[in-house]
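Be aware that the sequence shown starts at 21, since it is given in the numbering used here, and climbs by one per residue. Here a beta-carbon is modelled for each residue, glycine too, at the ideal position from N, C-alpha and C. As the structure is a computational prediction, the values presented were derived from the model and not from experiment. Reviewing the structure listed below.
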Amino acid sequence: MQTVTPEYASHHLAELIDRARAGEEIIIARGGMPIARLVPIEDRAEQNDEAHAPDEEVDEAFHGD
Numbered sequence: 021m022q023t024v025t026p027e028y029a030s031h032h033l034a035e036l037i038d039r040a041r042a043g044e045e046i047i048i049a050r051g052g053m054p055i056a057r058l059v060p061i062e063d064r065a066e067q068n069d070e071a072h073a074p075d076e077e078v079d080e081a082f083h084g085d
């Protein structure tokens, strides 16, 4: 697992995505404090199915009541 700064992540995003797709976990930290984690998606087929059926809370946030 590698830790990078937001600035590094911004400039090397494509590389970091490729590494995550290959199974690596990357932590993004500012001032030594972790703020985000880039990880591979475990089951892409399942993720794709979920992407077509938005969560009710997310749908409401975008489209209202």
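Can you tell me which of the three DSSP states P60 falls into? On the sequence shown, residue 60 is found 40 positions in, with the first residue counted as 1. Reduced to three states, the DSSP call for P60 is coil.
I need the DSSP call for A42, collapsed to helix, strand or coil. Working through the sequence shown from its first residue, we reach residue 42 at position 22. Note: A42 maps to coil in three-state DSSP.
Name the two residues that bound the continuous alpha helix (DSSP H) containing D79. Along the sequence shown, one-based indexing puts residue 79 at 59. Taken as a continuous stretch (DSSP letters only), the alpha helix (DSSP H) holding D79 covers 76-83.
For the alpha helix (DSSP H) that A31 lies in, which residues bound it at each end? The residue you call residue 31 lines up with position 11 of the sequence shown. Note that residue 31 is His in the sequence shown here, rather than Ala. 26-31 is the extent of the alpha helix (DSSP H) around H31.
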